Every structure is written in C-alpha cells, then in structure tokens.
Amino acid sequence: MLSAEFGKPALLRVDGPAQVWLYHASACGLNLVLYPDASGTPRVAMVEPTADSGTQSGCTTALQRAHVDAALEHPAAS
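Throughout, our numbering is defined as the position within the sequence shown, counted from one, plus 3.
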C-alpha cells in the first residue's frame with residue numbers, strides 16, 4: 004500500500020476515475036497516477052520521479068526516509 008510505504012501524499016487530486024498522488028522529499032518528488040482496476044481497486048498506472056539529480060531508486064529511498072523521519076518526529080497517539 005502506498006500510504007504505508009510513503010505516508011500521506013503532499014497532494015492527492017481526483018480527476019475523473021484517476022487519482023494523482025504527489026510526494027516530495029528534499030531532493031526529489033514522485034508523481035503517481037492511479038486508475039481503478041476491474042474490481043474498482045486503485046492501481047498505479049504511471050510513476051514519474053522528479054529528481055534534481057540522481058536515480059529513480061535514490062528518489063524512492065529519499066521519499067521513504069522522509070516518511071520514516073516524519074513518523075519519528077510525530078509518533079501516532081496511542
């Protein structure tokens with residue numbers, strides 16, 4: 004699940020049947036477009052990294068790290 008991997012997107016836009024999820028980290032961003040499959044479950048149809056420099060995998064790592072760092076700074080209330 005995307006939310007578990009990257010956290011809440013910086014922007015989530017619904018455009019017809021599509022959902023656009025935008026994530027940002029210090030050095031890059033990640034734009035995801037999801038469309039529903041035959042059962043109606045949203046599935047990733049497009050992945051577009053927007054990196055200042057580096058690779059797509061480096062961007063993914065930066066986004067995951069940003070999510071973990073945010074969770075450590077603001078732990079969920081129990």
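Where a beta carbon is used, it is the ideal one built from N, C-alpha and C, also for glycine.
Fair warning: this is a prediction, and the values are worked out from it, not measured in the lab.
Cα-Cα separation, residue i to residue j
| i | j | result |
| --- | --- | --- |
| residue 17 | residue 23 | 6 Å |
| residue 13 | residue 38 | 19 Å |
| residue 46 | residue 30 | 26 Å |
| residue 157 | residue 20 | A query on residue 157 cannot be resolved here, the shown segment of the chain reaching from 4 to 81 and no further. |
| residue 43 | residue 9 | 22 Å |
| residue 7 | residue 28 | 16 Å |
| residue 5 | residue 11 | 8 Å |
CA nearest to the CA of residue i, picked from the options
| i | options | result |
| --- | --- | --- |
| residue 32 | 4, 7, 6, 50 | 50 |
| residue 34 | 11, 25, 4 | 25 |
Same chain, Cβ closer than 7 Å to residue i, neighbours up to 5 away in sequence not counted
| i | result |
| --- | --- |
| residue 48 | 36, 37, 38 |
Own chain, CB closer than 6 Å to residue i, minus 5 neighbours either side, in chain order
| i | result |
| --- | --- |
| residue 40 | 46 |
| residue 15 | 24 |
Go through the stretch 6-60 residue by residue and report every complete run of the beta strand (DSSP E) that reaches 3 residues or more, in order. 14-18, 21-27, 31-39, 45-54
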